[in-house]
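First comes the structure, then the notes that go with it.
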Amino acid sequence: PGTYNLIQGQGDLSISRSAAKIDTTSKDDLGYGTSAPGLRDLSLSLSVKPKLPDANGYTRLESLCNASPQLPFNVQVRKGGATGGTPDVVFQCLVYGSLDESSFPQAGAVEAKVGFYAAAAPTVDTLA
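Residue numbers for the sequence shown follow this note's numbering, so the first one is 1094 and each next one is one higher.
Structure follows, in structure tokens:
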């Protein structure tokens, strides 16, 4: 807990935020539906070309994603990347992880897509 391990071979990261719609229509809205944003859904997708061995990075991530029962864990995005420290954190959240996709090309590097799904609201989010 509290120790963040860099995953070697990281590629693109995307963050998806969406909100459910709450119907606020009343009889005085004269034929137009009105709505407001509801609870937010937050997920992240990370492409990785694993550089193995990486016991504390990708292999640890595999263990967390494949655990049964699965437990949430913290992830961070740092603006300094591999050289970034705690002051560089721009996103931090407790998540569940999922190894969503793997590809094994004949003439290329193995690639994995990892999904992260919010288990709680982000504690740091300057990317929104």
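Cβ coordinates follow ideal geometry from the N, Cα and C atoms, glycine included.
With 16 other Cβ atoms within 10 Å as the buried cut-off, status of residue i
i, result
"leucine 1123", "exposed"
"alanine 1202", "exposed"
"alanine 1205", "buried"
"leucine 1220", "exposed"
"tyrosine 1151", "buried"
"proline 1215", "buried"
Coarse secondary structure for residue i, derived from DSSP in three states
i, result
"leucine 1137", "strand"
"aspartate 1147", "coil"
"asparagine 1167", "strand"
"serine 1161", "coil"
"alanine 1214", "coil"
"alanine 1221", "coil"
"leucine 1099", "coil"
"glycine 1131", "strand"
Continuous beta strand (DSSP E) stretch holding residue i: start and end
i, result
"glutamine 1103", "1103 to 1116"
"glutamine 1185", "1182 to 1196"
Are the stretch 1100 to 1116 and the stretch 1135 to 1149 touching by the rule of at least three beta carbon pairs closer than 8 Å? yes
Check whether the stretch 1181 to 1194 and the stretch 1152 to 1168 are in contact - that is, three or more C-beta pairs closer than 8 Å. yes
Hey, is the stretch 1130 to 1140 in contact with the stretch 1171 to 1179, meaning 3+ C-beta pairs nearer than 8 Å? no
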